[in-house]
Amino acid sequence: MSHIRSTQRGGITLWATVAVVVILAAILIFHFFSRMQPAEVRSFQELVNRVEKINTQISEREQQISGLVSRYNESHPDNEIDTTGMSAMGLTEEQARLLANRVAQEKDLSYRGLLQEVIDVTGELDKLRTELGEVKSRLRPPIVAQKGDTHIGVCLKFLTEDIGLNEEDALKLIEKEAMVPELLPGFEVWNYYGEGVFGTFVTQGEARITPNELARATKRKIDAERQTLIQERNQKQSEVDDLESRKNELQQQIRSLEEERAAMLDQVTAMASTNDSLAQELNSLKYHIGTFRDLERSGAIRKPAFGKWNTGDIDAVDHTGSLDLRSSTRIVINASSLGLDKVDKILVFPRYFKEDGDYHVELSSDRKSATLVLEKPTKFNLSRLVIAVG
Numbered sequence: 005m006s007h008i009r010s011t012q013r014g015g016i017t018l019w020a021t022v023a024v025v026v027i028l029a030a031i032l033i034f035h036f037f038s039r040m041q042p043a044e045v046r047s048f049q050e051l052v053n054r055v056e057k058i059n060t061q062i063s064e065r066e067q068q069i070s071g072l073v074s075r076y077n078e079s080h081p082d083n084e085i086d087t088t089g090m091s092a093m094g095l096t097e098e099q100a101r102l103l104a105n106r107v108a109q110e111k112d113l114s115y116r117g118l119l120q121e122v123i124d125v126t127g128e129l130d131k132l133r134t135e136l137g138e139v140k141s142r143l144r145p146p147i148v149a150q151k152g153d154t155h156i157g158v159c160l161k162f163l164t165e166d167i168g169l170n171e172e173d174a175l176k177l178i179e180k181e182a183m184v185p186e187l188l189p190g191f192e193v194w195n196y197y198g199e200g201v202f203g204t205f206v207t208q209g210e211a212r213i214t215p216n217e218l219a220r221a222t223k224r225k226i227d228a229e230r231q232t233l234i235q236e237r238n239q240k241q242s243e244v245d246d247l248e249s250r251k252n253e254l255q256q257q258i259r260s261l262e263e264e265r266a267a268m269l270d271q272v273t274a275m276a277s278t279n280d281s282l283a284q285e286l287n288s289l290k291y292h293i294g295t296f297r298d299l300e301r302s303g304a305i306r307k308p309a310f311g312k313w314n315t316g317d318i319d320a321v322d323h324t325g326s327l328d329l330r331s332s333t334r335i336v337i338n339a340s341s342l343g344l345d346k347v348d349k350i351l352v353f354p355r356y357f358k359e360d361g362d363y364h365v366e367l368s369s370d371r372k373s374a375t376l377v378l379e380k381p382t383k384f385n386l387s388r389l390v391i392a393v394g
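For reference, each letter of the sequence shown is one residue, going 5 to 394 in the working numbering.
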């Protein structure tokens with residue numbers, strides 16, 4: 005039983021695979037045929053290409069004839085060939101007869117061959133013009149592009165006005181065709197329509213260049229403009245990079261200047277502080293206050309057996325007191341801080357500072373304190389004083 009079920013499943017899988025393959029093949033075949041050009045359009049394009057080729061050949065033959073006649077006329081200034089109407093219409097019967105007579109009369113073999121070549125090329129030109137007329141008779145007359153025309157616009161006008169399609173259907177047909185990006189005045193637009201099939205082709209016509217040459221020139225112009233834009237972009241980027249580099253340099257310089265400014269401010273602050281310290285030191289005095297007994301014991305002052313107190317070793321004591329003479333000229337002395345009940349007498353050492361001349365003493369009413377007032381503060385600048393209290 006399981007074998008039968010397995011066989012049935014295998015058969016179903018096989019048919020499913022075949023169905024998928026058939027569907028894919030159908031899609032590919034449809035895609036292939038949908039990509040094929042209708043025979044009418046291919047034939048139309050072949051005829052238009054033939055017109056373009058014949059026009060090119062005619063132009064080449066006309067230039068060839070013009071060159072040959074010019075060479076002959078340069079060597080025969082008194083007997084030139086009249087080229088009026090020759091390049092545009094070919095040789096008239098009269099021109100052909102006269103040219104044939106010249107060939108017969110020309111004695112110089114090289115020039116005779118030159119004239120015969122003119123006749124031969126003119127014959128080729130006539131054949132080409134005849135063939136061109138036959139080919140053109142099998143095509144609709146081309147639309148000669150005017151200034152401002154576009155390929156899409158010309159085709160849309162043809163399909164809506166000449167064929168009678170509505171604009172929507174016309175645009176659907178146009179979208180299937182390759183449009184020439186730009187039409188020059190003189191370009192010839194060849195259009196074909198039959199049984200829902202539309203074709204269009206552009207040839208040089210009377211324009212100075214072919215559509216392909218225009219496309220190449222346009223591409224070169226676009227490439228040149230693109231290259232110019234790339235160069236301008238690179239130049240701008242280089243300028244931006246230079247500016248960015250300059251910006252970084254300036255920022256670094258600014259940082260350096262700020263650091264220098266900060267350092268200078270620190271120096272100024274330090275110098276100001278130093279100046280203040282120096283100014284304070286220059287305008288200050290140091291002093292030590294003590295009792296006569298303590299100062300005598302330390303050796304800072306001396307008293308002989310008979311006589312007045314004299315200055316001893318001023319530096320024998322620490323001068324812990326300081327007075328900035330710019331802001332104050334008064335030193336307050338408290339008796340209690342010295343272990344005294346009251347202040348009776350004050351002397352300033354060294355003794356060359358004179359009482360009631362350089363300074364004077366103000367005693368409080370209870371004599372618990374006294375104030376030493378400096379009358380000539382500048383005289384005391386940088387001094388080291390010992391103030392004896394008794």
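Where is the CB? At the ideal position from N, CA and C, for every residue including glycine. For clarity, every value in this text was computed on a predicted model and none was experimentally measured.
Per-residue DSSP class, three states only, for residue 355: Residue state for residue 355 is assigned as coil, using DSSP reduced to three classes.
Please state the DSSP three-state secondary structure of residue 148. Assigned with DSSP and collapsed to three states, residue 148 falls in strand.
Does the distance from the C-beta atom of residue 179 to that of residue 148 stay below 8 Å? No. Outside cutoff.
Report the rounded CA-to-CA distance for residue 195 versus residue 210, giving the unit in angstroms. So the alpha carbons of these two residues sit roughly 17 Å apart.
In the DSSP assignment, find the unbroken alpha helix (DSSP H) run with residue 244 in it and report its ends. Under the DSSP assignment, residue 244 falls in the alpha helix (DSSP H) whose first and last residues are 215–286.
Please identify the residue among 372, 387, 295, 394 whose C-alpha is closest to the C-alpha of residue 378. The shortest Cα separation from residue 378 among 372, 387, 295, 394 belongs to 387.
Buried or exposed by the 16-neighbour rule on C-beta atoms within 10 Å, applied to residue 203: The residue is buried, with at least 16 neighbouring Cβ atoms inside 10 Å.
Once the 5 residues before and after residue 162 are set aside, which same chain residues still bring their CB inside 6 Å of it? Counting only Cβ-Cβ distances below 6 Å, and skipping sequence neighbours, we find 195.
By DSSP, does residue 374 sit in helix, in strand, or in coil? DSSP places residue 374 in strand when its eight states are reduced to three.
Go ahead and pull the three-state DSSP assignment for residue 211. The answer is coil: DSSP assigns residue 211 none of H, G, I, E or B.
Using the C-alpha atoms, what's the distance from residue 220 back to residue 233? C-alpha separation (whole angstroms): 19 Å.
Alpha carbon to alpha carbon, what distance is there between residue 359 and residue 353? So the alpha carbons of these two residues sit roughly 11 Å apart.
Here's the rule I'm using: 16 or more other beta-carbon atoms within 10 Å means buried, otherwise exposed. How should residue 316 be labelled? With 16 or more other Cβ atoms from the protein chains shown falling within 10 Å of its own Cβ, residue 316 counts as buried.
DSSP on residue 387, reduced to helix/strand/coil? Of the three classes helix, strand and coil, the one that applies to residue 387 here is coil, per DSSP.
Among 306, 53, 173, which residue has its Cα nearest to the Cα of residue 146? Cα-wise, what sits closest to residue 146 is 53.
Nearest to residue 329 (by Cα), restricted to the options 380, 80, 255: Taking residue 329 as reference, the option from 380, 80, 255 with the minimal CA-CA separation is 380.
Ignore the nearest five residues each way along the sequence and tell me which others in residue 249's own chain have a CB closer than 6 Å to its CB. Closer than 6 Å at Cβ, skipping near neighbours: no residue.
Since residue 155 is in the alpha helix (DSSP H), which residue starts that stretch and which ends it? It spans 155–161 - the alpha helix (DSSP H) in which residue 155 sits, taken as one unbroken run.
Assuming residue 336 and residue 278 are in contact, meaning their beta carbons sit under 8 Å apart, how far apart are those beta carbons, in whole angstroms? Actually they do not touch by this definition, with Cβ atoms about 30 Å apart.
Paired residues, beta bridge with residue 392 - DSSP: Residue 392 is bridged by DSSP to 294, 351.
Excluding the 5 residues preceding and the 5 following residue 292 in the sequence, name in chain order all residues of the same chain whose CB lies nearer than 6 Å to its CB. If we look at residue 292 and ignore the five residues flanking it on each side, its Cβ neighbours are 321, 323, 390.
Near residue 340, which residues of its chain fall below 8 Å by C-beta distance, leaving aside the five closest residues on each side in sequence? Taking C-beta separations shorter than 8 Å and ignoring five residues to either side along the sequence, the partners of residue 340 in its chain run 372, following chain order.
Can you tell me where the alpha helix (DSSP H) holding residue 175 begins and where it ends? Its alpha helix (DSSP H) spans residues 171–179.
Is it right to say residue 310 is buried, meaning 16 or more other beta carbons lie within 10 angstroms of its own, or is it exposed? Burial call: exposed.
Just reading off the beta strand (DSSP E) that residue 194 is part of, what are its end residues? In the DSSP assignment, residue 194 falls within the unbroken beta strand (DSSP E) covering 192–198.
With DSSP as the reference, identify every bridge partner of residue 203, one or two as the case may be. According to DSSP, which records beta bridges pairwise, residue 203 is partnered with 196.
Are residue 313 and residue 351 close, meaning C-beta to C-beta below 8 Å? In this structure, residue 351 lies closer than 8 Å to residue 313 by Cβ.
So who's on the other strand from residue 53, going by DSSP bridges? For residue 53, no pairing in a beta bridge is given by DSSP.
Which one of 304, 331, 325, 333 has the shortest CA to CA distance from residue 355? The residue with the shortest Cα to Cα distance from residue 355 is 304.
Under the DSSP definition of a beta bridge, which residues are partnered with residue 315? In the DSSP output, where bridge partners are listed per residue, residue 315 has 305.
Beta carbon of residue 189, beta carbon of residue 151: below 8 Å? If you check the CB distance, residue 189 and residue 151 come in under 8 Å.
Can you check whether the CB of residue 295 is closer than 8 Å to the CB of residue 393? Annotated as proximal: residue 393 and residue 295, with beta-carbon spacing under 8 Å.
Please report the distance separating the alpha-carbon of residue 160 from that of residue 223. One C-alpha to the other measures close to 26 Å.
Output yes or no for whether 8 Å exceeds the beta carbon distance between residue 187 and residue 166. No, these two residues do not count as a Cβ contact at 8 Å.
Nearest-angstrom Cα distance between residue 251 and residue 259? Whole-angstrom Cα-Cα distance: 12 Å.
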